[in-house]
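These notes are about the structure you will find just below.
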Amino acid sequence: MIEIKYKIFDSFNAGNNEFKGEYGYFLIVIDDETYGYYREDVDLDILSTNIYNWFVNLLKGLSLLESNKTVYISDVETPETWIRLAQNTENIQIGEINAEKPDGTLAIETDIDAKEATVWTRIIKAKYFREELFVKVNKYLKDLEILNGRDNDKIKELKFLLSKLSEV
Numbered sequence: 085m086i087e088i089k090y091k092i093f094d095s096f097n098a099g100n101n102e103f104k105g106e107y108g109y110f111l112i113v114i115d116d117e118t119y120g121y122y123r124e125d126v127d128l129d130i131l132s133t134n135i136y137n138w139f140v141n142l143l144k145g146l147s148l149l150e151s152n153k154t155v156y157i158s159d160v161e162t163p164e165t166w167i168r169l170a171q172n173t174e175n176i177q178i179g180e181i182n183a184e185k186p187d188g189t190l191a192i193e194t195d196i197d198a199k200e201a202t203v204w205t206r207i208i209k210a211k212y213f214r215e216e217l218f219v220k221v222n223k224y225l226k227d228l229e230i231l232n233g234r235d236n237d238k239i240k241e242l243k244f245l246l247s248k249l250s251e252v
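According to our numbering, numbering within the sequence shown proceeds without interruption in unit steps and concludes at 252.
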């Protein structure tokens with residue numbers, strides 16, 4: 085079982101923010117493991133993350149898995165945490181690892197030259213991961229369009245990434 089949850093913080097939407105809906109809670113649940121943070125009852129700004137970047141990076145990571153065995157998505161808000169995606173024909177292995185992030189490290193890497201320490205890892209059907217990601221990205225896009233209108237460059241980028249993967 086996989087579930088992706090997010091919650092946009094209203095506090096980040098007030099004022100003159102150019103792009104509304106970018107920050108809030110983001111959580112990935114796979115079986116009994118979780119990564120991220122989510123609470124329905126309260127918005128704790130200190131625990132907020134960039135929801136938009138997580139969705140963009142997950143879509144880009146999924147795309148890179150078409151030509152790479154393993155993809156590492158950096159949690160840019162932590163010094164050594166990565167989400168590792170590895171796919172064979174039908175399954176995808178998703179896990180949290182700790183590994184160094186040397187200067188010049190990108191948000192998404194296909195190879196990290198560092199010793200990995202696995203925190204947790206789970207295997208699920210690739211189609212379930214893909215379906216859940218597509219459903220939640222589409223929901224997020226609708227939320228963003230309500231907050232920003234349709235003519236926003238970040239919304240267009242997210243739609244483009246989604247459409248590129250939908251063709252495969």
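Glycine residues also receive a C-beta, built at the ideal position from the N, C-alpha and C atoms. Here the structure is a predicted model, which means the values were calculated and not measured.
Short Cβ contact (8 Å threshold) for R214 with L146: yes
Test item: CB-CB of V155 and L169 under 8 Å: yes
Integer-rounded CB distance, given that G108 should sit under 8 Å from I135: 5 Å
Complete runs of the beta strand (DSSP E) confined to the stretch 154–228 [at least 3 residues]: 154–158, 165–171, 175–182 and 201–209
Rounded Cβ spacing between K144 and I192 (contact assumed at less than 8 Å): 5 Å
Burial state of N172, where buried means 16 or more other Cβ atoms lie within 10 Å: exposed
Candidates E117, I239, Y90 and Y121, of which the one nearest T205 by Cα: E117
Per-residue DSSP class, three states only, for V126: coil
Contact check, I181 vs W166, beta carbons under 8 Å: yes
Residues of its chain near L246, where Cβ-Cβ distance is below 8 Å and the 5 sequence neighbours each way are ignored: L143, F218, V221, N222 and L225
Spatial neighbours of K248 in its chain, beta-carbon cut-off 7 Å, leaving aside the 5 residues before and after: Contacts found: S147.
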